[in-house]
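Before any comments, here is the structure.
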Amino acid sequence: MKKLTSLCLGLTLAAGAIAQPAPDDAAIVKKVADYVIAHTAFTFTGDNQQTYRKSTDIPDNVQARISDQLSSWHYPNGVLNIAMTDLGRYLNEAKYSQFAQQHIAFAFDNYQVFEARSKKGIKYKGFPFNQLIHTRVLDDCGAMGASVIDVYQTVQRPVYKTYIDKVIRHISQVQERLPDGTLCRPNPFRWTIWGDDLYMSIPFLARAGKLTGNTALFDDAVAQVHHFTKYLWDEKAGLYAHYYYEDLKRQGPAHWGRANGWIMMAKVQLLNNLPDNHPGKKEIIAELTRQILGVAPYQSASGLFHQVLDRTDSYTETSCTAMFVYAIARAVNEGWLDKRYITIAERGWDGIVKEKIQADGQLKDVCIGTNISADIAFYYNRPTELNDFHGLGPVIEAGIEIMRYRKKS
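Here it is, written out as structure tokens:
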């Protein structure tokens, strides 16, 4: 009888544990997105402490800046715009898509004032919309350009199409490349290949190919995946190095989490747009699968991934974890990856929800913007900032794909 009682008690406890409701993934994602909406002003702040809704209202003698980082024009804003557009579409809630539309409109409605005054010798601290006005590298235009294409599907302002064409010309004809066609940077050393740049180019190229019907843009995007893998893939580790020094013919020392995340997300964004009959599609799926299988052994017990992926004494980092969750869950949802691998994404998502999302929707432990370095300690010591905008878009995208999977299941 005692054994039977113990068995029944055990079964009751087990049933109770199973019966506990899972966190509401939609509510969690919306909490993050709603925080973004509530804290994005789309205004300018003058050194006279005045707030201006339009750039034309700023007097010539007043120094002004964009009021908040979420209103600025920088590649993480593009990633966020894409995610908000996707969230609005998935939940059928217009306010999220409208955020991206408002962000793009804010820039295009105001940048010309700063451009004109700059030509007259008036300089502003912080250079509002500098990357929109002076496109120099992929950071300036790739991710933001991709988000402009997403918005252009709904809001077809001619100025948006003009900008899209400008970015096509920049990436295809202006941006520096190695002799084999690999996109690279002119600094801090000539010529350096950054893993980040696969995301700063491919999501735009893939969307632009779909928008224009120019298959050469698809071909270039597929080629870039192969080029970057050639220079950055570390076969022994099963991970990508952050960068490659062309002058030294040498990879960097760190398998930085977010660089690997950028690369994985870029492959997924390419597959999202690449025609099924494109000869490179199976190759990209194979490259994505290899990367997923490579990163999987480095997942921690909490489901999170580390700032330096193969160094467990580095901190667990939110943005790279979210990028892997998004990419793996998306690959399963689209049938590019066997569904048995969804547990990697689910454990990662549950770790983010448990440890990295605050009650008010802010994100913890997001590494700030990061340059390249020849010493591993640089990556260990990169600070994190609460709600740094590098993590917002990836976390929202990760949540969408987890919702999609769990809804189907």
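-2 is the number of the first residue of the sequence shown in this note's numbering; add one for each residue after it.
Just so it is clear, CB atoms sit at the ideal spot from N, CA and C, and this is done for glycine as well.
For G291, the enclosing alpha helix (DSSP H) has its first and last residue at K278 to V292. In chain order, P380, E382 and D385 place their CB closer than 6 angstroms to the CB of I365, counting only its own chain and leaving out the 5 sequence neighbours on each side.
By the criterion of a C-beta distance shorter than 8 angstroms, M400 is surrounded in its chain by D22, A23, V26 and Y87, once the five residues flanking it on both sides are discounted. Using a 10 angstroms sphere on the CB of S52, the tally of other CB atoms reaches 16 or more, which defines it as buried. Put simply, the backbone Cα of K353 is about 10 angstroms away from that of T318. As a beta-bridge residue in DSSP terms, D231 pairs with L236. Nearest in C-alpha terms to L229, of all of D217, T212 and R247, is R247.
Rounded to whole angstroms, the separation of the alpha carbons of A324 and G139 is 19 angstroms.
Burial of R204 is indicated by the presence of at least 16 other C-beta atoms within 10 angstroms of its C-beta. The region 286 to 302 makes contact with the region 254 to 272; the number of CB pairs closer than 8 angstroms reaches 3 or more.
Put simply, the region 40 to 47 does not touch the region 69 to 80. Fewer than three CB pairs are less than 8 angstroms apart. Per the coordinates, the alpha-carbon of N58 lies some 10 angstroms from the alpha-carbon of Y121. The alpha-carbon separation between Y242 and C181 amounts to approximately 10 angstroms.
In this structure, S144 and A97 form a Cβ contact; the two beta carbons are roughly 6 angstroms apart against a cut-off of 8 angstroms.
Taking the Cα positions, G118 is about 23 angstroms away from Q46. Excluding sequence positions up to five before and after H131, its CB lies within less than 8 angstroms of the CB of D137, all in the same chain and listed in chain order.
E112 and D231 have their C-alpha atoms roughly 44 angstroms apart. At a Cβ-Cβ threshold of 7 angstroms, A395 and V322 count as neighbours. Residue environment: G254 is assigned as buried (16 or more neighbouring CB atoms within 10 Å of its CB, all protein chains considered). In the three-state scheme derived from DSSP, where H, G and I count as helix and E and B as strand, Y242 is classed as strand. DSSP places F41 in the uninterrupted beta strand (DSSP E) bounded by F41 to G43. Beta-bridge analysis with DSSP links A61 to G43. Y312 sits in coil when the DSSP states are folded into three classes, being neither helix nor strand.
R174 is bridged by DSSP to L180. Secondary structure note for W346: it is in no beta strand (DSSP E), and the uninterrupted alpha helix (DSSP H) holding it is I339 to E352. In this structure, H252 keeps its C-beta atom at 7 angstroms or more from the C-beta atom of I369.
V164 and N107 have their C-alpha atoms roughly 19 angstroms apart. Membership of I165 in any beta strand (DSSP E) is not indicated; the residue belongs instead to the alpha helix (DSSP H) covering P155 to R166. Taking the CA atoms as reference points, M320 sits about 5 angstroms from P391. Across the set G192, S198, G178 and D177, the C-alpha of S198 shows the shortest separation from the C-alpha of I161. The Cβ neighbour count for N74, taken over all protein chains shown within 10 Å, is at least 16; the residue is labelled buried. With a threshold of 16 other beta carbon atoms within 10 Å, L334 meets it and is buried. By the C-beta density criterion, R327 is buried, having at least 16 other C-beta atoms within 10 angstroms.
Taking each of T315, K279, V292 and K405 in turn and checking the Cα distance to K336, the smallest one comes out for K405. Boundaries of the alpha helix (DSSP H) around W259: G254 to N270.
Secondary structure note for I190: its beta strand (DSSP E) is the uninterrupted segment T189 to W191.
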